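**Q**
There are 2 protein chains.
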Amino acid sequence: MRTFAELYEHVKNLPPKVIAVAQAADEDVLEAIKEAHEKGIVRAILVGDKEKIERIASSIGMSLKDHEIVEAKSNLDACREAVRLVNEGKADILMKGLVQTAEILKVVLDKEIGLRTGRTLSHVAVFESPYERLILLTDAAMNIAPDLKVKIDIILNAIDVAKQIGIDAPRVAILGAVETVNPDMQATLDAAILSKMSERGQIKGAIIDGPLALDNALSIEAARHKGIVSPVAGNADILVVPDIEAGNILYKAITYIAQREIAGIIMGAKKPIVLTSRADSSDAKFNSIMLASLASNV
Amino acid sequence: MRTFAELYEHVKNLPPKVIAVAQAADEDVLEAIKEAHEKGIVRAILVGDKEKIERIASSIGMSLKDHEIVEAKSNLDACREAVRLVNEGKADILMKGLVQTAEILKVVLDKEIGLRTGRTLSHVAVFESPYERLILLTDAAMNIAPDLKVKIDIILNAIDVAKQIGIDAPRVAILGAVETVNPDMQATLDAAILSKMSERGQIKGAIIDGPLALDNALSIEAARHKGIVSPVAGNADILVVPDIEAGNILYKAITYIAQREIAGIIMGAKKPIVLTSRADSSDAKFNSIMLASLASNV
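So the sequences go chain by chain: A and B.
Residues in the first sequence are numbered consecutively from 474, following the numbering used here.
Residues in the second sequence are numbered consecutively from 474, following the numbering used here.
(1) Would you call the segment 701-709 of chain B in contact with the segment 717-732 of chain B, where contact means no fewer than 3 C-beta pairs closer than 8 Å?
(2) Report the rounded CA-to-CA distance for residue 475 of chain B versus residue 634 of chain B, giving the unit in angstroms.
(3) Within a Cβ cutoff of 8 Å, which residues of the same chain sit near residue 489 of chain B, ignoring the five residues on either side of it in sequence?
(4) So does the segment 618-635 of chain B actually touch the segment 500-508 of chain B, counting three or more Cβ pairs closer than 8 Å?
(5) On the DSSP bridge list, what partners appear for residue 544 of chain B?
(6) Consult DSSP for residue 501 of chain B and reduce its assignment to one of helix, strand or coil.
(7) Any residues in the segment 622-653 of chain B with a beta carbon nearer than 7 Å to a beta carbon of chain A? Which ones, in chain order?
(8) Can you check which of these residues, B:532, B:487, B:570, is closest to residue 518 of chain B by C-alpha distance?
(9) If you count every other CB in all the chains shown that lies within 10 Å of the CB of residue 619 of chain A, and 16 or more means buried, which is it?
(10) Should residue 715 of chain B be flagged as near chain A, meaning a C-beta pair shorter than 8 Å?
(11) When the cut-off is 8 Å and only beta carbons count, does residue 619 of chain B lie next to chain A?
(12) DSSP three-state label for residue 568 of chain B, please.
(13) Write down every uninterrupted run of the beta strand (DSSP E) in the segment 608-693 of chain A whose length is 3 residues or greater and which is fully enclosed by it, in chain order.
(14) Who are the neighbours of residue 751 of chain B on chain A, taking C-beta pairs under 9 Å?
(15) Count the C-beta pairs between the segment 576-594 of chain B and the segment 537-547 of chain B that are closer than 8 Å, then say yes if the count reaches three, no if not.
(16) Residue 755 of chain A to residue 501 of chain A, Cα distance in whole Å?
(17) Please compile the residues from chain A whose C-beta is within a distance smaller than 7 Å of the C-beta of residue 569 of chain B.
(18) Mind checking who residue 740 of chain A pairs with in its DSSP beta bridge?
(19) What residues of chain B sit near residue 603 of chain A, judged by a beta carbon separation below 7 Å?
(20) Output, in chain order, the set of chain A residues within a Cβ distance shorter than 8 Å of residue 761 of chain B.
(21) Give me the subset of the segment 653-667 of chain B whose CB atoms are less than 7 Å from a CB atom of chain A, sorted by chain position.
(22) Between the C-alpha atoms of residue 497 of chain B and residue 682 of chain A, what's the straight-line distance to the nearest angstrom?
(23) Under 8 Å between beta-carbons, which chain A residues line up against residue 688 of chain B? List them in chain order, please.
(24) Should residue 747 of chain B and residue 769 of chain B be called a contact, given that it needs their Cβ atoms to be closer than 8 Å?
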């Protein structure tokens, strides 16, 4: 796939998924659900203040007949109820409505009523690139300074998403500032170790190589210039950044400097989580819900 | 200034600078000097194997009549000679030819014969952005994990360059993954401290604010969405990244994802240093020499 539009051509023929929205009484959130429903991606279980949801829905011309409303009085109740719906198999996707990210994640990570799987939660983004393919970027938003064990989960979560968007044997680039191992740069040491773990079959379902700088990961010409022999260099499907600063800056550069489409979800829980923010464009919100609907097949 | 073309309209009216090239017997290097000379930016003192330099110059149709050749037999001699020319005021810019970056920097940093100023050396890049202005990015290439003291030098070096490209009171964004201070994120703590040092007049010549995420730094709309009140947010001229990974990934994203023009030089020595690499486009090489010629006025 090269674009989100191509991805949509594939997704629109699949049966719609059920998305549980924690605290849905918000115009931006309902607009996003309305669009995703009209395009055949989801139907929703809207958790929150029923009266308020109905009022906002009516004000934006949104019919509620294909959706369901579940009453919840507080933010905490709304989060719990939405998480319960996912846990009981009644919803395929969890979406944050008008609650804080920390509030909903606390419930998701609750050892008794949450959605834990043993896998660390991580953010997986997908963006349109000039390289004729959709590329994944992780982790730009969840793990501040992941150690080696967390990086493995980050990679596994991204591989899961890659397969659902049609990349069967994803090529994973572990990024650093350079393509050589440098004892003073932890990112390059982790990259060397992760590459070897991949070679030994300890991380399955992908071809992993690093350290690679972003140019060698993306561009065949740049990789050739450096004389890098690697099945990943120039062909990376998944970019793994060393930490949240590098990831967030790359994510924002894609949106605000390259001005390309990007979408993101949280993986590692029982089902994908959509955490769009008010600042996201409506395209970014729609693409994130579409991505979650595919990733819910993991 | 919005583009390198605009910058050139300004630079072309200034008297050309003298650039000393350490080990100039290289086609790529001489091509870059040829272009910069034809465009009126520099004349060169070419240090290296005279016979070889003449042979290559002739093969690319480059006249040597405005340039000077200084014989040097080894790489080390070439670096020493070029550095001496800068030290004696005979050259305004130092350029790496066919030597390793480490080789030339070792001579530059030599306590007796080098070009030390007491300021840490750092990389300053300038790129064309969608925000109607040239923006500076630092440090994407020299300092791996700068501490607070090094970050101050990095900022001062970038301010020097900003002023030479017409930004009199640059707005400096100290970037992090978020725009709030988070005790678990060192980048945000450094940002808070640097902002306060700026407020107290301890870092002069610029308005410094952080932490800012890249979107709040660049886009007024994104800053407004987050309710950030700051003289820098949405108007940043200088982006200071937390470490070399974030910087290098941002630099490469500008080139390989946003596909915009970028140029870079090393500041902090007595005169600017040009370290272009073979993989750089000829535009990138020319723009870097042009940037160095302006920065040599510091």
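Positions of the beta carbon are idealized from the N, C-alpha and C atoms, including for glycine.
Every value quoted in this text rests on a predicted model; they were computed, and no experiment measured them.
**A** If we stick to the structure as given:
(1) Taking a contact to require three or more Cβ pairs closer than 8 Å, the segment 701-709 of chain B and the segment 717-732 of chain B do not qualify as touching.
(2) Going by the C-alpha atoms only, they are around 15 Å apart.
(3) So the list reads 510, 513, 514, 515, 516, 766, once near-sequence residues are dropped.
(4) When C-beta atoms of the segment 618-635 of chain B are compared with those of the segment 500-508 of chain B, fewer than three pairs fall below 8 Å, so the two segments do not count as touching.
(5) According to DSSP, which records beta bridges pairwise, residue 544 of chain B is partnered with B:521.
(6) For residue 501 of chain B, the three-state secondary structure derived from DSSP is helix.
(7) Answer set for the segment 622-653 of chain B: 648, 649, 650.
(8) The shortest Cα separation from residue 518 of chain B among B:532, B:487, B:570 belongs to B:570.
(9) Residue 619 of chain A is classed as buried because its beta carbon has at least 16 other beta carbons within 10 Å across all chains shown.
(10) Taking a beta-carbon distance threshold of 8 Å, residue 715 of chain B counts as an interface residue toward chain A.
(11) No - not a single Cβ of chain A is within 8 Å of the one on residue 619 of chain B.
(12) Three-state result, residue 568 of chain B: strand.
(13) Counting only runs of at least 3 residues, the segment 608-693 of chain A fully encloses the following beta strand (DSSP E) elements, listed from N- to C-terminal order: 644-648, 680-685.
(14) Chain-order list of chain A residues neighbouring residue 751 of chain B: 698, by C-beta distance under 9 Å.
(15) With a cut-off of 8 Å, the segment 537-547 of chain B and the segment 576-594 of chain B do not count as touching, because too few Cβ pairs lie within range.
(16) Distance between the alpha carbons of residue 755 of chain A and residue 501 of chain A is about 9 Å.
(17) Neighbourhood of residue 569 of chain B in chain A, by CB distance below 7 Å: empty, with the nearest CB roughly 17 Å away.
(18) Answer is A:595, bridged to residue 740 of chain A.
(19) Result: 730, 732.
(20) Close partners of residue 761 of chain B in chain A (Cβ separation under 8 Å) are lacking, with about 16 Å as the shortest Cβ gap.
(21) In summary, the residues of the segment 653-667 of chain B whose CB is separated from some CB of chain A by less than 7 Å are 657, 658, 660, in the order they occur in the chain.
(22) Distance between the alpha carbons of residue 497 of chain B and residue 682 of chain A is about 35 Å.
(23) Neighbours of residue 688 of chain B on chain A, chain order: 725, 728, 729, 752.
(24) Their beta carbons are not under 8 Å apart, which means residue 747 of chain B does not touch residue 769 of chain B by this criterion.
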